[in-house]
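A.B. asks: Residue numbering for the sequence shown follows this note's numbering, beginning at 13 and increasing consecutively. This is the structure I have questions about; it appears just below.
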Amino acid sequence: LEEDAGITHNPTKIEANVDEVIAFEKKLAEIVVPEDERRNSTRLYNKRKIADLYEYMDDVKWVEYFRTIAPSEMVDMFSNETEIIVAEIEYLRKAGTSGLIKATDAELLANYIVWRVVQASVRLLDERFENIKQDFSRVMTGQQQRSPRWKDCAQVPSSVLPLAAGAVYVQAHFNSDDKREALEMIGKLRESFADLVTQSDWMDDVTRDTAIEK
Numbered sequence: 013l014e015e016d017a018g019i020t021h022n023p024t025k026i027e028a029n030v031d032e033v034i035a036f037e038k039k040l041a042e043i044v045v046p047e048d049e050r051r052n053s054t055r056l057y058n059k060r061k062i063a064d065l066y067e068y069m070d071d072v073k074w075v076e077y078f079r080t081i082a083p084s085e086m087v088d089m090f091s092n093e094t095e096i097i098v099a100e101i102e103y104l105r106k107a108g109t110s111g112l113i114k115a116t117d118a119e120l121l122a123n124y125i126v127w128r129v130v131q132a133s134v135r136l137l138d139e140r141f142e143n144i145k146q147d148f149s150r151v152m153t154g155q156q157q158r159s160p161r162w163k164d165c166a167q168v169p170s171s172v173l174p175l176a177a178g179a180v181y182v183q184a185h186f187n188s189d190d191k192r193e194a195l196e197m198i199g200k201l202r203e204s205f206a207d208l209v210t211q212s213d214w215m216d217d218v219t220r221d222t223a224i225e226k
């Protein structure tokens, strides 16, 4: 990155910055909610107003943040009264009120953000960066070979536009008979579910009718 940008830094300083970033990421890992707890979709559905976020992390200009990352046609939708779903309240609370963010030097925070951006953008860069990423993955995950370039490229539209990518795949590999069989299978599943709900004696009539309608 330095070479491409035409800038130079003291190698010793760079190594120190890397050590600081690693130490900071370890501290973040200590407050992350365990993965098995994050599988509970009910626990992750927390409706809040944007104004409530200041209770957890008051250093962030939340309205400005959402307006910055939102599409231009949605900017005016965000205010302190806007309702949002906060998946990880506990993480925000620990990162904010525990003092981790406030106690961390601004330069270190900037370096960490840059590192995360670069890490997420590696597949958009040339082979030099891919090779560095592979060295990193080998140490972190044991992955001995990097995936083919075409596979990385194919994953981008699949992850960003999953429904559109799925539609293209279906058009290319499924015919009308496959669609008919799939619809029949779905219909049978719906019938079986409706029978199961009808036979359930722990629901009242309103709840039962609502479940069947869904």
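Even for Gly, the Cβ is constructed at its ideal location relative to N, Cα and C.
Does the Cβ-Cβ distance between Met-69 and Ile-113 come in under 8 Å?
C.D. replies: By one-based count along the sequence shown, residue 69 stands at place 57. By one-based count along the sequence shown, residue 113 stands at place 101. The answer is yes: Cβ separation under 8 Å.
A.B. asks: Helix, strand or coil: which one does DSSP assign to Ile-224?
C.D. replies: Position 212 of the sequence shown, counted from the first residue, corresponds to residue 224. Note: Ile-224 maps to helix in three-state DSSP.
A.B. asks: Does the distance from the CB of Ser-145 to the CB of Val-134 come in under 8 Å?
C.D. replies: For the purposes of this step, residue 145 is taken as the residue at position 133 of the sequence shown. For the purposes of this step, residue 134 is taken as the residue at position 122 of the sequence shown. With the sequence shown as reference, residue 145 is identified as Lys, and Ser is not the correct amino acid for it. Yes, they are a contact pair.
A.B. asks: For the beta strand (DSSP E) that contains Glu-95, what are its first and last residues?
C.D. replies: Looking up residue 95 in the sequence shown gives position 83. Looking at the DSSP string, the run of the beta strand (DSSP E) that includes Glu-95 is 95-97.
A.B. asks: Could you give the C-beta distance for Val-44 and Asn-123, rounded to a whole number, given that I count them as a contact under 8 Å?
C.D. replies: Within the sequence shown, numbered from 1, the residue matching residue 44 stands at position 32. Within the sequence shown, numbered from 1, the residue matching residue 123 stands at position 111. With 8 Å as the limit, Val-44 and Asn-123 do not qualify as a contact, their Cβ atoms being about 20 Å apart.
A.B. asks: Taking all protein chains shown into account, do 16 or more other C-beta atoms lie within 10 angstroms of the C-beta of Ala-132, making it buried, or fewer, making it exposed?
C.D. replies: By 1-based counting over the sequence shown, the position of residue 132 is 120. So Ala-132 ends up on the exposed side.
A.B. asks: How many angstroms separate the CA atom of Glu-197 from the CA atom of Asp-64?
C.D. replies: Translated into the one-based positions of the sequence shown, residue 197 becomes position 185. Translated into the one-based positions of the sequence shown, residue 64 becomes position 52. In the sequence under discussion, the amino acid at residue 197 is Met, which differs from the Glu named in the question. Going from the Cα of Met-197 to the Cα of Asp-64 covers about 45 Å.
A.B. asks: Looking at C-beta atoms only, is the number of pairs between the region 21-36 and the region 54-62 that lie closer than 8 Å three or more?
C.D. replies: Taking 8 Å as the limit for Cβ pairs, the verdict is that the region 54-62 does not touch the region 21-36.
A.B. asks: Check the C-beta distance from Ile-62 over to Phe-78 and give it rounded, since I have them as a contact under 8 Å.
C.D. replies: Translated into positions along the sequence shown, residue 62 becomes position 50. Translated into positions along the sequence shown, residue 78 becomes position 66. Yes, Ile-62 and Phe-78 are in contact; Cβ-Cβ is about 7 Å, under 8 Å.
A.B. asks: Helix, strand or coil for Arg-60? Go by DSSP, reduced to three states.
C.D. replies: Mapped onto the sequence shown, residue 60 falls at position 48. Of the three classes helix, strand and coil, the one that applies to Arg-60 here is strand, per DSSP.
A.B. asks: Once you ignore the five residues that flank Val-87 on each side, which residues in its own chain have a CB closer than 7 Å to its CB?
C.D. replies: Your numbering for residue 87 matches position 75 in the sequence shown. Around Val-87: Arg-79.
A.B. asks: Using the Cβ count rule (16 or more neighbours within 10 Å means buried), how would you classify Lys-200?
C.D. replies: Working through the sequence shown from its first residue, we reach residue 200 at position 188. Its Cβ having fewer than 16 others within 10 Å, Lys-200 is exposed.
A.B. asks: So, helix, strand or coil for Arg-79, using DSSP?
C.D. replies: Position 67 of the sequence shown, counting from 1, holds the residue named residue 79. Looking at Arg-79 - three-state DSSP - the assignment turns out to be helix.
A.B. asks: Give me, in chain order, the residues of the same chain whose beta-carbon lies closer than 8 Å to that of Glu-93; leave out the 5 immediate sequence neighbours on both sides.
C.D. replies: Looking up residue 93 in the sequence shown gives position 81. Closer than 8 Å at the Cβ level, and outside the excluded window around Glu-93, lie Lys-61, Ile-62 and Ala-63.
A.B. asks: Just curious, the alpha helix (DSSP H) that Phe-90 is in, first and last residue?
C.D. replies: Counting from one through the sequence shown, the residue named residue 90 turns up at place 78. Run containing Phe-90: none; DSSP gives neither H nor E here.
A.B. asks: On the three-state DSSP scale, how would you describe Gln-156?
C.D. replies: Here residue 156 refers to the residue found at position 144 of the sequence shown. DSSP places Gln-156 in coil when its eight states are reduced to three.
A.B. asks: Considering Cα atoms alone, identify which of Val-209, Asp-213 and Asp-216 is closest to Ile-224.
C.D. replies: Residue mapping note: residue 224 aligns to position 212 of the sequence shown, counting from 1. Answer by Cα proximity: Val-209.
A.B. asks: Should Leu-175 go down as buried or exposed, given a rule of 16 or more other Cβ atoms within 10 Å for buried?
C.D. replies: Position 163 of the sequence shown, counting from 1, holds the residue named residue 175. By the neighbour-count rule (16 or more Cβ atoms within 10 Å), Leu-175 is not buried but exposed.
A.B. asks: In chain order, what residues of the same chain have a beta carbon less than 8 Å from the beta carbon of Asp-71, not counting five sequence neighbours either side?
C.D. replies: Translated into the one-based positions of the sequence shown, residue 71 becomes position 59. Gly-108, Ile-113 and Lys-114, listed in sequence order.
A.B. asks: Which of helix, strand or coil does DSSP assign to Asp-147?
C.D. replies: Here residue 147 is taken as the residue at index 135 of the sequence shown, counted from 1. Three-state DSSP puts Asp-147 in a helix.
A.B. asks: CA-CA distance, Asn-228 and Ile-97?
C.D. replies: Because the chain here runs from 13 to 226, residue 228 falls outside it and cannot be looked at.
A.B. asks: Where does Ala-117 fall in DSSP's three states?
C.D. replies: Against the sequence shown, residue 117 aligns to sequence position 105. Strictly speaking, residue 117 in this sequence is Asp, with Ala absent from that position. The answer is coil: DSSP assigns Asp-117 none of H, G, I, E or B.
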